[in-house]
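Note that UniProt numbering has the sequence shown beginning at 1, numbered continuously upward. Cβ coordinates follow ideal geometry from the N, Cα and C atoms, glycine included. One structure below.
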Amino acid sequence: MQGSVQRLTLYPLGAAWSVRIRASVLRPVPRLLSPSTRTLFSETGVWEKDYRTETRLKVEEWWHPRIMAQWKKDALQEDSNRKKFYVLSMFPYPSGRLHMGHVRVYTISDTIGHFQRMRGHQVLNPMGWDAFGLPAENAAIERGLDPEEWTKSNIESMREQLDSLGLCFNWDREVTTCQPDYYRWTQYLFIKLFEAGLAYQKEAVVNWDPIDQTVLADEQVDENGRSWRSGALVEQKLLTQWFIKTTNYAKPLLDALADLPEWYGVKAMQANWIGECTGCYFDFKLKVNGEETGEVLSAYSFCPEMVFGAAYLAILPSHRLLHGSSSVRPALEKAFHPGRDCLTEISALNLFTGHEVPLVISHKDGFDGYLDTVIGIPDYSEEDLVVAKAMNLRWTTVLNNHEDGTQTLINSEEFSGLTREKAFDSITQKAREQKVGGHLTSDKLRDWLISRQRYWGTPIPVVHCESCGPVAVPKEELPVTLPKLPSLTGKGASPLEAAHDWVNCKCPRCKGPARRETDTMDTFVDSAWYYFRYIDPHNPDRPFERHLADHWLPVDVYIGGKEHAVMHLYYARFLCHFCKDQGLVAHREPFQKLLVQGLIKGQTFKLADSGQYLKREEIDFSDKEPVTLGGGRIEVTWEKMSKSKHNGLDPQEVIRQYGVDTVRLYILYAAPPEQDILWNVKTDALPGVLRWQSRLWQLVTKLRAARQLGDMTTPSLLKKKELAETRKIWENKNYAIQEVTSHFTENFLFNAAISRLMGLTNTLTSATVKVVQHSVEFEEALAVLVMMTAPMAPHLASELWAGLCQVKNPLSPLLKQGGDVMQQSWPTVDPAYLEVPDFVELSVLINNKACGTVTVPLQVSKDTARVQQLILESPLGQKLLSKRSIKRAILSPRTSLINFLTDE
Numbered sequence: 001m002q003g004s005v006q007r008l009t010l011y012p013l014g015a016a017w018s019v020r021i022r023a024s025v026l027r028p029v030p031r032l033l034s035p036s037t038r039t040l041f042s043e044t045g046v047w048e049k050d051y052r053t054e055t056r057l058k059v060e061e062w063w064h065p066r067i068m069a070q071w072k073k074d075a076l077q078e079d080s081n082r083k084k085f086y087v088l089s090m091f092p093y094p095s096g097r098l099h100m101g102h103v104r105v106y107t108i109s110d111t112i113g114h115f116q117r118m119r120g121h122q123v124l125n126p127m128g129w130d131a132f133g134l135p136a137e138n139a140a141i142e143r144g145l146d147p148e149e150w151t152k153s154n155i156e157s158m159r160e161q162l163d164s165l166g167l168c169f170n171w172d173r174e175v176t177t178c179q180p181d182y183y184r185w186t187q188y189l190f191i192k193l194f195e196a197g198l199a200y201q202k203e204a205v206v207n208w209d210p211i212d213q214t215v216l217a218d219e220q221v222d223e224n225g226r227s228w229r230s231g232a233l234v235e236q237k238l239l240t241q242w243f244i245k246t247t248n249y250a251k252p253l254l255d256a257l258a259d260l261p262e263w264y265g266v267k268a269m270q271a272n273w274i275g276e277c278t279g280c281y282f283d284f285k286l287k288v289n290g291e292e293t294g295e296v297l298s299a300y301s302f303c304p305e306m307v308f309g310a311a312y313l314a315i316l317p318s319h320r321l322l323h324g325s326s327s328v329r330p331a332l333e334k335a336f337h338p339g340r341d342c343l344t345e346i347s348a349l350n351l352f353t354g355h356e357v358p359l360v361i362s363h364k365d366g367f368d369g370y371l372d373t374v375i376g377i378p379d380y381s382e383e384d385l386v387v388a389k390a391m392n393l394r395w396t397t398v399l400n401n402h403e404d405g406t407q408t409l410i411n412s413e414e415f416s417g418l419t420r421e422k423a424f425d426s427i428t429q430k431a432r433e434q435k436v437g438g439h440l441t442s443d444k445l446r447d448w449l450i451s452r453q454r455y456w457g458t459p460i461p462v463v464h465c466e467s468c469g470p471v472a473v474p475k476e477e478l479p480v481t482l483p484k485l486p487s488l489t490g491k492g493a494s495p496l497e498a499a500h501d502w503v504n505c506k507c508p509r510c511k512g513p514a515r516r517e518t519d520t521m522d523t524f525v526d527s528a529w530y531y532f533r534y535i536d537p538h539n540p541d542r543p544f545e546r547h548l549a550d551h552w553l554p555v556d557v558y559i560g561g562k563e564h565a566v567m568h569l570y571y572a573r574f575l576c577h578f579c580k581d582q583g584l585v586a587h588r589e590p591f592q593k594l595l596v597q598g599l600i601k602g603q604t605f606k607l608a609d610s611g612q613y614l615k616r617e618e619i620d621f622s623d624k625e626p627v628t629l630g631g632g633r634i635e636v637t638w639e640k641m642s643k644s645k646h647n648g649l650d651p652q653e654v655i656r657q658y659g660v661d662t663v664r665l666y667i668l669y670a671a672p673p674e675q676d677i678l679w680n681v682k683t684d685a686l687p688g689v690l691r692w693q694s695r696l697w698q699l700v701t702k703l704r705a706a707r708q709l710g711d712m713t714t715p716s717l718l719k720k721k722e723l724a725e726t727r728k729i730w731e732n733k734n735y736a737i738q739e740v741t742s743h744f745t746e747n748f749l750f751n752a753a754i755s756r757l758m759g760l761t762n763t764l765t766s767a768t769v770k771v772v773q774h775s776v777e778f779e780e781a782l783a784v785l786v787m788m789t790a791p792m793a794p795h796l797a798s799e800l801w802a803g804l805c806q807v808k809n810p811l812s813p814l815l816k817q818g819g820d821v822m823q824q825s826w827p828t829v830d831p832a833y834l835e836v837p838d839f840v841e842l843s844v845l846i847n848n849k850a851c852g853t854v855t856v857p858l859q860v861s862k863d864t865a866r867v868q869q870l871i872l873e874s875p876l877g878q879k880l881l882s883k884r885s886i887k888r889a890i891l892s893p894r895t896s897l898i899n900f901l902t903d904e
């Protein structure tokens, strides 16, 4: 591991623990420097002419603790006059080692955080740990350790690694989901759901992982029926499980997507997962021979407005009532005959209409979507009509067809006479008010299964009493903490069953004997609300204060992998909608902008015949195509980095080789955030950012040297040619500010922002000595260039700024205001630039040869087709291109240039 820790202290945090590491001691390790060869300007006042490898490492060593200390100081300064900006990256599971995907997401959040702070915002960029779950429990079982100790040591390790990357998080707001002071409030929110009738327990056929010995949600099983984590073939089991009724919020969650900005395709994924919310469930009480059984069954209707026309209730042969411990199971078994529809002795009372209908076992293996219970309405479906007639059932006609094609309801009590559309709204609304159903949802969405039969998770705060049934633990008795277990095996029933003193308790309601719930919650429950806790992480009285939630939410930019586009984001949105309805927060949606990041893929080599992955040292690269050392054929692909594929990278080693800023710039420059990066240091991206850093250094060197040529800077010495040059620099500076600011705020195309800064670098590099020596335009453009580089390469920019601020005879106020570069205000476009007609002068090349220039409107200057059209219509284009066949027009993204490739 890179870095040396001089002091590491564990501080108690209530009943929990936390790690605090002195920021000044975890720094990238520089190569040993000879004191007589290289120096650092900030340290010695001597400016090195070139930006060498040892200079880069020395720069990062010097500035790393200073940048972090300044960030911490700024974060602690509360200022109500500053606008808030909440940038959030998805918190990691503490595996013990960072991977390059972590480096990418946190580089992006850190860059945005620095940028927004320079814009004057009060920035929140927190970090924490998604610390419960199977990996820690399995690792602890394998090593004979306590999962808490394993998790704690991993957090210590990853905290050091994050610190060595120079990432400026608000560590004073750190949360860890396995600490009692966090999961106390996870339990509190569960109880709120339970009290609202949204958390419930029922028997269900579930996905069982035979290796990890736990239930899996449907989304945790792949298309081949295997567990997403263990890879085992999933089994089906009937178990009593805890669910959260997310289906009640399906329609609001679907509708709310329309008010959010585009989420890089994720909105469409969310909408597709929810499905069309055109039906709803109604609650029914089951009866046998006229006697109520005490069981309530929810059944789906595709046409809620026609519910008064129900003829029967249908369940599948696989339904839990036929296979579980239900009191109606004997009656169902008596009636069941495989392969045909079976009328039973059981009836179902619709709690909305008051009508009683028979229960039928369908001959089908499945209904639409995930449904296992539906309402048969003959007026709606020809198939329902056939079933009802075959069984000689009675039903009420509820539709009146008019000559003009409209339909109104009849025989539907107060809803008679309404059109189907109005009746749909009125009936579902009244059912919701009566709390007997009516929540619009789709046929493909199920409630959220949260039970897990493992130890290392948030205990479900419920006790089971023979007299009272399931009873929530009183809120004042939270948290229900995990008991210490002597050992974990991962086999059999829930490990918590072994903690007899913990399991056996008293009922909070009747004070009689009771047993604690021994299932724990899925970790997705912990991560469904962590963005709330960051805003008030040390509150001992409630999950968070309302006024703080209203101030900081919604999250302005949420950054993470696209693999969380469905489950995590859906659950987090659901929890926020619920908290809004509970009066805990003003905002219904938790995240404003979502920035999904692609994978970082490594080159993989595997045997063509067997698919076995090979290490690089097992391959012969001497020929054009790589082969095994024995000459065997190899398949070369790009895949997600992993140890098993021998294509991973240790971030610490990469940083040791190239430096923090180079790695940051490479990650931002190699591809837009949502695209995958194919990690190949031989491509243009890495050499490009290395060259650019050197050119930035050379520009500061150039200015410092030019100002040593004379005692005075005299802009009046500039002639017409030099004034034209300064005008071009001024225009390019303002254009760069416009473009880079837009990329940082609108589309997050950091690669395009870097390209624009490279373009400004080119302009400044070509400046004549006289312009460098005597113009304020060059000086300000270079200052702006360094300032806009700072969020992405903070260490280099800090040293460049130090060199700029000590330049001889400065002209610009920017260099006289003091402070490090990270404390400067983000540059803004000069008002005069906005008054100038928005035109760009493009250089026109034909087959790589310069032929002249054409002026085009700024707003179309990036549109290749429009630029080509304007140039062809210009006198230059008419003269040189009208008789040529154009194969391709290449518009440079970095400079004002277009190249026409034509037939000679």
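With 16 other CB atoms within 10 Å as the buried threshold, where does residue i fall?
i, result
"arginine 727", "exposed"
"phenylalanine 605", "buried"
"lysine 49", "exposed"
"serine 412", "buried"
"alanine 431", "buried"
"phenylalanine 839", "exposed"
"valine 681", "exposed"
"threonine 428", "buried"
"histidine 795", "buried"
"histidine 564", "buried"
"glutamine 708", "exposed"
"isoleucine 890", "exposed"
"alanine 865", "exposed"
Quick one: residues in its chain with C-beta nearer than 6 Å to the C-beta of residue i, no 5 flanking neighbours on either side, listed in chain order?
i, result
"glutamine 220", "Trp228"
"tryptophan 826", "Met118, Arg119"
"leucine 749", "Pro672, His743"
"phenylalanine 367", "Val374"
"tryptophan 697", "Tyr51"
Our contact map puts residue i next to residue j with C-beta atoms below 8 Å; I'd like the distance itself, whole angstroms only.
i, j, result
"tyrosine 570", "glutamine 241", "Actually they do not touch by this definition, with Cβ atoms about 19 Å apart."
"leucine 811", "threonine 701", "Leucine 811 to threonine 701, Cβ: 18 Å. No contact."
"leucine 870", "leucine 881", "Going by Cβ atoms, the distance from leucine 870 to leucine 881 rounds to 12 Å, so no, they are not a contact pair."
"alanine 314", "valine 360", "5 Å"
"glycine 598", "isoleucine 535", "Actually they do not touch by this definition, with Cβ atoms about 29 Å apart."
"isoleucine 274", "alanine 250", "5 Å"
"asparagine 647", "glutamine 603", "6 Å"
What residues match up with residue i in a beta bridge as DSSP calls it?
i, result
"proline 197", "For the sequence presented, residue 197 should be read as glycine rather than proline. Note: glycine 197 sits in no beta bridge, so no partner."
"lysine 606", "Tyr613, Glu635"
"lysine 237", "Val206"
"histidine 464", "Pro470, Arg515"
"glutamine 597", "Gly561"
"aspartate 620", "Val627"
Over the uninterrupted alpha helix (DSSP H) stretch that includes residue i, give me the two end residues.
i, result
"phenylalanine 424", "420-433"
"tyrosine 264", "Where tyrosine 264 is concerned, there is no enclosing alpha helix (DSSP H), given that its DSSP letter is neither H nor E."
"arginine 888", "That residue, arginine 888, is in no alpha helix (DSSP H); its beta strand (DSSP E) goes 886-891."
"valine 387", "382-390"
"glycine 803", "794-805"
"isoleucine 141", "134-143"
CB-CB under 7 Å to residue i, same chain, minus the five flanking residues each way: which ones, in chain order?
i, result
"alanine 499", "Pro483, Leu485"
"alanine 802", "Phe41, Ser42"
For residue i, which residues from the same chain have a beta carbon less than 8 Å from its beta carbon, with the 5 sequence-adjacent residues on both sides left out?
i, result
"proline 893", "Ala752, Ser755, Lys862"
Which residue comes first and which comes last in the beta strand (DSSP E) that contains residue i?
i, result
"lysine 682", "Element bounds for lysine 682: n/a, residue is neither H nor E."
"residue 905", "Examination of residue 905 is not possible in this model, given that the chain is present from 1 through 904 alone."
"aspartate 283", "279-288"
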